[in-house]
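Below: one structure, written as C-alpha cells.
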C-alpha cells in the first residue's frame, strides 16, 4: 500500500498533484480535439441537409439562383490555405519543443491571413443576387457561410489570445496553447475548404 | 476553505451564527470550483426542477382522470406535457447523472478534481440559466412552449414567444452538457491515479465516460436543429418549408440523430449505478466486468444507427433496415441483465434502500427493454406508435430505469456526500410506494395504447372505454407522489441528524470509499494501491489479514 | 422480515404483468393486414414472455434464496465471470433477435405492400384540426368541423381501399386502431397505403401525431358497410347540396370574413356582379394560416381565384376579380370543406 505521510507530504497530496499536472499538459489538447469533434457533427448536420436537398433536386443548384462569382471566394480560400501553411511552422515547433522568435511572427502572419479570409468571405456577401428565404440552397448558403465566418472569428480570437500569452512566457508554457489553437484553426480550414467546394465550386 | 470548517460546521458555538459567516458560505458555494460542491449544486438544482416536473405530471394525470375533463384547457395541457418532458429529460435526469458523475467520478479514479474545475463551474451555472429561460415561457402572453419535447415542425413554427425561450434555453443547456462531457472525458482519460488502468475503472465511471462521448457527438445535432427552427422562425430561412425545397425531414432526421443517443445518455449512468450497487450489497464482484464494458461500448456505437425507428410511420426511412439495428441494440442490453443476475446469484444480499432501488431498477427496466421490442418491429409499431404504449415504454425506461437508479445512487452515496445516512425505514417506505405506484401508473398504459389511445391528447371521449385504466393510472401517480414526498422528508430529517457515517459504510469496492465521509477538499490523504477494479475491498481484506498496528 | 413481505408483493405484481398483457388487449384487426400484425404481436409475445419470466424469475429467486442470513459472515463465492459466460450472454439474445427479425420483416413486407388495383381511391387530408376524405372517383368530399363534429367516412367491405395521405399545414397521423395501422400525413410529402376491410362496423379513428391545440378532438369514424349500403351512401353524398342562401346579406363590393377556430363566421356572402371586390380576412387563429379561394362549384374543378395566405392573427385585404352573376363556392384551401360557403354574385 502506498501511504502518503501527511506530515512530510504537504496537502493536497503532492505526488498525486504533480503527476496530474504533468499529465494535464495534454488535457487541453484532448479537450480541444473533443470540442472540434463535436463541432464536426454540428457542421455535418447542415451538410446532411445539403446532401438531402442535393439528391432531391433535379438541377443543383436550383436554376433560378443567380450564382455568386468565384473571384472573392477563391481569394478567401487562398488566404485560408496560406494561413494553414503559415500555421504549420509554429505548430511544428511546438510539437518538437523548439521555440524561436519566428514562432510569434508566423503565428501573427497566420492571424493576418485568417482575418483576410473572414473579410473576403463577408465582402463577397455584399453583392449576392439572392435572399436567404428563396429556397433551401439559398438558406444553406447563408447559414453555412455565416457559421464559417463565426468560427473564423472565433479562431482569430483564440490565436490572438495565444499570441499574447506567448510573449514573455517560459518555453514550456508555450507548447500547449499553440497546439490547441492549431487544432481549432485546422478544423476551420477544413470547414472552409468543404464550403468552397460545396457552395461555390460545385455550384458553378 | 479549511478542512476543519468543512468537518465541523455544528461545533458548539456560544454566540449565534453571525451573518458574515453565512454570507461567506453562500459566496463559497457560488464561486466554488470543487467538483464535490459542484456535484451537490447539480443535485440540488435538478431535484428542484424534479419537483416542478413532478407537479406537472400530477396535473397531466389529474386532467386525464376523467374523460372530457376540463381541469386544464387544451392549451395549458399542451404546455404542461411539453414542459414536463423537457424538464425531466434535459433538466432532471441528465443533470442528476452529471451531478453524481461530478461528485463520484474524480473520487472513483483517485483524482484531485475534474480536469478543468472552472469550466466545470461554468457548465453547472449554465444549467439553471438555461432551465429558467425554458420555464420563463410561462411568463409570456402566449404561454410556455407547447409543441412537445420533440418540438416537431411545422407545428413549432406556429408557436409563440415561449417557443423561442425554449429554443434558447435548450441551446444553453446543450452547451452546459457539452462542456461537462468534455470535462468528464478528459478527467477519466488523463487524471487516473497510478495503477488505475482503464480495465480497473469502476463501471459508473465507464458509464459516465460513455454518456459523455454520446453527449459530445449527439448534442451538436440538437443544437443544429434548434438553430434551424430558430432560423426558419426568425431569419427567413426555408429549411423546413416544402414549398421552397425544404423538408420536415431536415428536422426529423437531425433531431432523432440526437434524440436516440439521448435516451442512452439518460440510461447509461443508471446502468453504471446499478452495476456499482449490486456487487457491493451482494458481496460479490460484478459478474463479467469486461463484458459489461463491451456491452456499454456496443450500445454506444449502435445508438447512432437506430434513430430511424422513431420515423417508421413517416414513410420516409427504410423501416426494415432500422429495425435490424434497433433490435440488435437489445443484445448488449440483454447482456447487462445476465451480468446483473449472475452478480446476485449465490451472493449474500443485504436489502439496504440503495439495494432495493437498484433491484427495482433491474425489475422495471426489464419491462421497458422488453416492451421496446414490440415497437422495434415496424409492422407492430404501426399499431402502437404515438399511443400510450410509447408513453408506458419511455417511462419504464426513464423512470423505472434512470430515476430508480438515481434514487439508488442517492441512498448509496448520500453518506459519502454528507457524512449522514438517509433513514433506512423511510427509504423502504419510499421504495415500495414508488415501485408499486409506478407499476400501477404505467403498466395500464400498455393496454391503453394497444386499445388505441393516442399520446399527447388533452382529453378523450367517454365512449372510448379508456376511463377505468386512466383512473387506475392517475391513482398510481398520486402514490408515486406520496413516495417522493416521503423521500424528501427523509432527506430533510437525515440532514438534521449527526454525522455518523464512516469512510466505508457499505463495504464498498471503489475508491470513493477510501476517503472520509465527506471527503476533504483535496479528496484523499492517502490512496490505496490499485491492483484490481476493487481497490478498497483489496485494502480491507489486506488489513483484516494483517496483525494490528503493523505498517503496510 | 419486512423487506421479504415487500418482495412477495413485488413477485405477485411481476406475475400480474404478463397476465394483464395477455388479457386480450391487442385489437384483433379488421383487415388481413391487421390480423397479420395481430399475429406478429403474439409472435413477439411468445419470444419475449419467456425472457421476461426467466429474468424476473431469476431476480426474485435470487432475492429470496440469497439474502444474507443473520450470523452468516462467510464470504460469498467470488465469481468474476469468464469468456464462456460472456459469449453465451451475447449469443442468446442474438438468436432471439434473429428469429424476431425474420417474423418482423416478413409481416412488414406484407403490411407495407400497396395494392395496385384498388376499388376505392381516397385522398385523405389532415389539417388543423380535422380530416377530409376526398372520394376521387365518386367526386365528393366528406369532412368534419374542428371541435364540433367528426368526419364520417364510409368504405365498402371486402374492397381494396387506397389512401393518398396529405397534410396542408403541420404533421398529422391517420390512425385507426382496429386497422392496427397509422401513417403520418406530412406537408410536402404524400404517403400512400392501402387496406381491405373485412369486418362490418363503425371504427374509431384519430390523429395520433400531436398537432397543436385541438389535437385531441381530431377524431373521425370509419364505417365499414356492405357494398349496397356504400352505394346508397355515395348517392346521398353526391346529391348537389342546395346552396343555403337564406342567410345571405345584400350584395356589396367589400366583404369581411372572420376566421376563428377554423370556421368562417358566415357561410354565405354576396357581392355585386361584374366588378372586382375587396375581401378582408380577419384571421383570429393564432399561428394558423387561412386563405380564400373561389370555385365554380364544390367539386373544385374550376378555380377562379386564390388569395395569398393570411398567417393569424392578422387582418389582410385581398382583391378578387369581377365575376358574372351566379352562385359560386368558396373555401379556405388549407382547411377545405371544413371552412367553406356560398358566394352569391348578383
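Residue numbers (my numbering), protein chains in the order written: chain A, 537 to 740; chain B, 20 to 571; chain C, -18 to 327.
In this text, a Cβ means the ideal position worked out from N, Cα and C, and glycines have one as well.
With a cut-off of 8 Å, does the C-beta of residue i fall near any C-beta of chain C?
i, result
"residue 405 of chain B", "yes"
"residue 526 of chain B", "no"
"residue 94 of chain B", "yes"
"residue 449 of chain B", "no"
"residue 85 of chain B", "no"
"residue 509 of chain B", "no"
"residue 497 of chain B", "no"
Compare the Cα-Cα distances from residue i to each of the options and report the closest residue.
i, options, result
"residue 54 of chain B", "B:77, B:122 and B:85", "B:122"
"residue 211 of chain C", "C:136, C:203, C:229 and C:25", "C:136"
"residue 522 of chain B", "B:545, B:494 and B:514", "B:545"
"residue 214 of chain B", "B:562, B:561, B:550 and B:556", "B:550"
"residue 354 of chain B", "B:379, B:315, B:390 and B:399", "B:315"
"residue 483 of chain B", "C:314, C:185, C:205 and C:193", "C:185"
"residue 117 of chain C", "C:280, C:308 and C:309", "C:280"
"residue 513 of chain B", "B:443, B:553 and B:540", "B:443"
"residue 244 of chain C", "C:17, C:81, C:100 and C:312", "C:312"
"residue 171 of chain C", "C:177, C:178 and C:151", "C:151"
"residue 42 of chain C", "B:543, B:360, B:380 and B:117", "B:360"
"residue 89 of chain C", "B:337, B:378 and B:104", "B:337"
"residue 109 of chain B", "B:331, B:234 and B:527", "B:234"
"residue 115 of chain B", "B:89, B:196, B:155 and B:269", "B:196"
"residue 583 of chain A", "A:675, A:692 and A:716", "A:675"
Taking all protein chains shown into account, do 16 or more other C-beta atoms lie within 10 angstroms of the C-beta of residue i, making it buried, or fewer, making it exposed?
i, result
"residue 56 of chain C", "exposed"
"residue 79 of chain C", "exposed"
"residue 659 of chain A", "exposed"
"residue 393 of chain B", "buried"
"residue 329 of chain B", "buried"
"residue 23 of chain C", "exposed"
"residue 152 of chain B", "buried"
"residue 333 of chain C", "Because chain C here runs from -18 to 327, residue 333 of chain C falls outside it and cannot be looked at."
"residue 9 of chain B", "Limits of chain B in this structure are 20 at one end and 571 at the other, which puts residue 9 of chain B out of reach."
"residue 184 of chain B", "buried"
Using a Cβ-Cβ distance cut-off of 8 Å, determine whether residue i contacts chain B.
i, result
"residue 176 of chain C", "no"
"residue 686 of chain A", "no"
"residue 584 of chain A", "yes"
"residue 566 of chain A", "yes"
"residue 71 of chain C", "yes"
"residue 696 of chain A", "no"
"residue 602 of chain A", "no"
"residue 771 of chain A", "Any answer about residue 771 of chain A is impossible in this case: the structure gives chain A only from 537 up to 740."
"residue 291 of chain C", "no"
Per DSSP, which one or two residues make a beta bridge with residue i?
i, result
"residue 464 of chain B", "Note: residue 464 of chain B sits in no beta bridge, so no partner."
"residue 274 of chain C", "C:287 and C:312"
"residue 202 of chain C", "C:133 and C:185"
"residue 172 of chain C", "C:146"
"residue 164 of chain C", "C:155"
"residue 323 of chain C", "C:249 and C:310"
"residue 473 of chain B", "B:406"
Check whether chain A comes within 8 Å of residue i, counting only Cβ atoms and requiring the distance to be less than that.
i, result
"residue 296 of chain B", "no"
"residue 268 of chain B", "yes"
"residue 243 of chain B", "yes"
"residue 240 of chain B", "yes"
Practice item. With 8 Å as the C-beta to C-beta threshold (strictly closer), list the residues of the region 118 to 137 of chain B near chain A in chain order. Key: Taking 8 Å as the Cβ-Cβ cut-off against chain A, the residues of the region 118 to 137 of chain B that qualify are 129, 130, 131, 134 and 135.
Exercise for review: Could you name the residues of the region 404 to 428 of chain B whose beta carbon sits closer than 8 Å to any beta carbon of chain A, in the order they occur along the chain?
Suggested key: Cβ contacts with chain A come from no residue of the region 404 to 428 of chain B.
Point to revise | Near-chain B residues of the region 263 to 287 of chain C - C-beta to any C-beta below 9 Å | key: From the region 263 to 287 of chain C, only 267, 268, 269 and 270 have a Cβ closer than 9 Å to chain B.
Check your understanding: Taking Cβ-Cβ distances below 8 Å as the criterion, which residues of the region 223 to 238 of chain B are in contact with chain A?
Key -> So the close ones are 235, 236, 237 and 238.
Point to revise | Members of the region 193 to 204 of chain B that neighbour chain A once the beta carbon cut-off is set at 7 Å | key: So the close ones are 197, 201 and 204.
Exercise for review: Mind checking the region 548 to 562 of chain B against chain C and listing, in chain order, the residues whose C-beta falls within less than 7 Å of any C-beta there?
Suggested key: Among the residues of the region 548 to 562 of chain B, none has a Cβ less than 7 Å away from any Cβ of chain C.
Point to revise | Near-chain C residues of the region 320 to 351 of chain B - C-beta to any C-beta below 7 Å | key: From the region 320 to 351 of chain B, only 332, 333, 334, 335, 338, 339, 342, 343, 346, 347, 349 and 350 have a Cβ closer than 7 Å to chain C.
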